[in-house]
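Colleague: Take this structure, written in structure tokens, and hold onto it; I'll ask about it next.
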Amino acid sequence: MSLRLFAALAVPDEIADRLTPLMRGVPGAKWRPRENLHVTLRFFGEVPETLADDIDSELSIIAERAAPFEVALRSAGSFGGAEPHALFVGAEPSPPLTELAGECERAARRVGLVAEKRKFAPHVTMAYLSGAPLDRVQAFESRLGLFGTPPFRVESFGLYSSWTRKSAPNLYRLEAEYALRG
80 MSLRLFAALA VPDEIADRLT PLMRGVPGAK WRPRENLHVT LRFFGEVPET
130 LADDIDSELS IIAERAAPFE VALRSAGSFG GAEPHALFVG AEPSPPLTEL
180 AGECERAARR VGLVAEKRKF APHVTMAYLS GAPLDRVQAF ESRLGLFGTP
230 PFRVESFGLY SSWTRKSAPN LYRLEAEYAL RG
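See the structure below:
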């Protein structure tokens, strides 16, 4: 059996409370349920269970060395250029956040996964798009151009599995949580 896995920071309830009212105004948007809001550190993809155990071991080691830190969310954007496929709110890059994502990337390579080709761009995906009008996507980005949250404290990160469901958003399940102890 295999699992579709990713490492991520959970979005605290008080931050999700600020994000959910923003999820409107874009036809063709499939808005993410609040329980799916997170900042991905590394998407591992579909992996066999034995490799999942190796990933878990590597992430445990990372958590022992990494110290708690703060993250703030700022402004909105989209992925896909002239044919956008996702809306997001950005997470302010910081040395601790970038380092934690880098450690997750190095862990993936140590267990034999292919290196991620895209540069780390911390964000919370708000919606996936299907045929969304570009002007409405741009209006969403403009409306949230000055959006920001207070910083929230990150004291742990998680290893999540993703389960595809027909006619419903993916179900994410926390498989393991790693307290930052550094």
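Those letters in the sequence shown? Residues 80 to 261, by my numbering.
Just so it is clear, CB atoms sit at the ideal spot from N, CA and C, and this is done for glycine as well.
1) Compute the distance between the beta-carbons of Ala180 and Leu120, then report whether it is under 8 Å.
2) How long is the line joining the alpha carbons of Phe122 and Ala200, rounded to whole angstroms?
3) Please report how far the alpha carbon of Arg111 lies from the alpha carbon of Met205, in whole angstroms.
4) Taking the C-alpha atoms as reference points, what is the distance between Phe158 and Phe167?
5) For the putative contact between Leu116 and Leu101, defined by C-beta atoms under 8 Å, what is the C-beta separation to the nearest angstrom?
6) Could you tell me whether the region 178-192 touches the region 208-217, using the rule of 3 or more Cβ pairs below 8 Å?
7) Helix, strand or coil, according to DSSP, for Phe219 in the structure here?
8) Taking the alpha helix (DSSP H) that Arg185 falls in, what are its first and last residues?
9) Buried or exposed for Ile94, please, with buried defined as at least 16 other CB atoms from any protein chain shown within 10 angstroms of its CB.
10) Pick from Phe236, Glu171 and Asp133: whose alpha carbon is nearest that of Arg144?
11) With respect to the alpha helix (DSSP H) encompassing Arg97, which residues constitute its N-terminal and C-terminal limits?
12) Whole angstroms are fine: how far does the CA of Arg244 sit from the CA of Lys52?
13) Looking at the unbroken beta strand (DSSP E) that takes in Glu128, where does it start and where does it end?
14) Look at Leu225 and Leu84 and say whether their C-beta atoms are less than 8 Å apart.
15) Taking the alpha-carbon of Glu220 as reference, which of Glu137, Val190 and Arg103 has the nearest alpha-carbon?
16) Using the DSSP secondary-structure output, state which residues sit across from His202 in a beta bridge.
17) DSSP on Arg113, reduced to helix/strand/coil?
18) I believe Val118 touches Ala87 by the beta-carbon criterion, under 8 Å. Please report the beta-carbon distance rounded to the nearest angstrom.
19) Classify Leu192 as helix, strand or coil using the three-state DSSP reduction.
Modeller: To lay it out plainly:
1) On the sequence shown, position 101 is the one that residue 180 refers to. On the sequence shown, position 41 is the one that residue 120 refers to. In this structure, Ala180 places its C-beta atom within 8 Å of the C-beta atom of Leu120.
2) Start at 1 with the first residue of the sequence shown, and residue 122 comes out as number 43. Start at 1 with the first residue of the sequence shown, and residue 200 comes out as number 121. Phe122 and Ala200 have their C-alpha atoms some 12 Å from each other.
3) For the purposes of this step, residue 111 is identified with residue 32 of the sequence shown, where counting begins at 1. For the purposes of this step, residue 205 is identified with residue 126 of the sequence shown, where counting begins at 1. Between Arg111 and Met205, the C-alpha separation is close to 6 Å.
4) Within the sequence shown, residue 158 is the residue found at index 79, counting from 1. Within the sequence shown, residue 167 is the residue found at index 88, counting from 1. Each residue's Cα considered, the two are about 8 Å apart.
5) Walking along the sequence shown from the start, residue 116 turns up at place 37. Walking along the sequence shown from the start, residue 101 turns up at place 22. The Cβ separation is near 11 Å, so there is no contact.
6) With a cut-off of 8 Å, the region 208-217 and the region 178-192 do not count as touching, because too few Cβ pairs lie within range.
7) By one-based count along the sequence shown, residue 219 stands at place 140. Phe219 sits in a helix when the DSSP states are folded into three classes.
8) As a first step, residue 185 must be located in the sequence shown, where it is residue number 106. From DSSP, the alpha helix (DSSP H) with Arg185 extends over Pro174 to Arg189.
9) Indexing the sequence shown from 1 puts residue 94 at position 15. Buried, by the Cβ-count rule.
10) Position 65 of the sequence shown, counted from the first residue, corresponds to residue 144. Of the candidates Phe236, Glu171 and Asp133, the one whose C-alpha sits nearest the C-alpha of Arg144 is Phe236.
11) Counted from its first residue, the sequence shown places residue 97 at position 18. From DSSP, the alpha helix (DSSP H) with Arg97 extends over Asp92 to Leu98.
12) Residue 52 lies beyond the stretch modelled for the chain, which goes from 80 to 261, so this question has no answer here.
13) Counting from 1 along the sequence shown, the entry for residue 128 is found at position 49. Following the DSSP letters along the chain, one finds Glu128 in no beta strand (DSSP E) but inside the alpha helix (DSSP H) bounded by residues Glu128 to Arg144.
14) Mapped onto the sequence shown, residue 225 falls at position 146. Mapped onto the sequence shown, residue 84 falls at position 5. Taking the C-beta atoms as reference points, Leu84 is found no nearer than 8 Å to Leu225.
15) Working through the sequence shown from its first residue, we reach residue 220 at position 141. Residue Arg103 is the option with its Cα nearest to Glu220.
16) Here the question's residue 202 lines up with position 123 in the sequence shown. DSSP, once it has assigned bridges, lists Gly169 as partnering His202.
17) As a first step, residue 113 must be located in the sequence shown, where it is residue number 34. Looking at Arg113 - three-state DSSP - the assignment turns out to be helix.
18) Locating residue 118 in the sequence shown gives position 39, counting from the first residue. Locating residue 87 in the sequence shown gives position 8, counting from the first residue. By a beta-carbon distance limit of 8 Å, Val118 contacts Ala87. Their separation comes to about 6 Å.
19) Against the sequence shown, residue 192 aligns to sequence position 113. The answer is coil: DSSP assigns Leu192 none of H, G, I, E or B.
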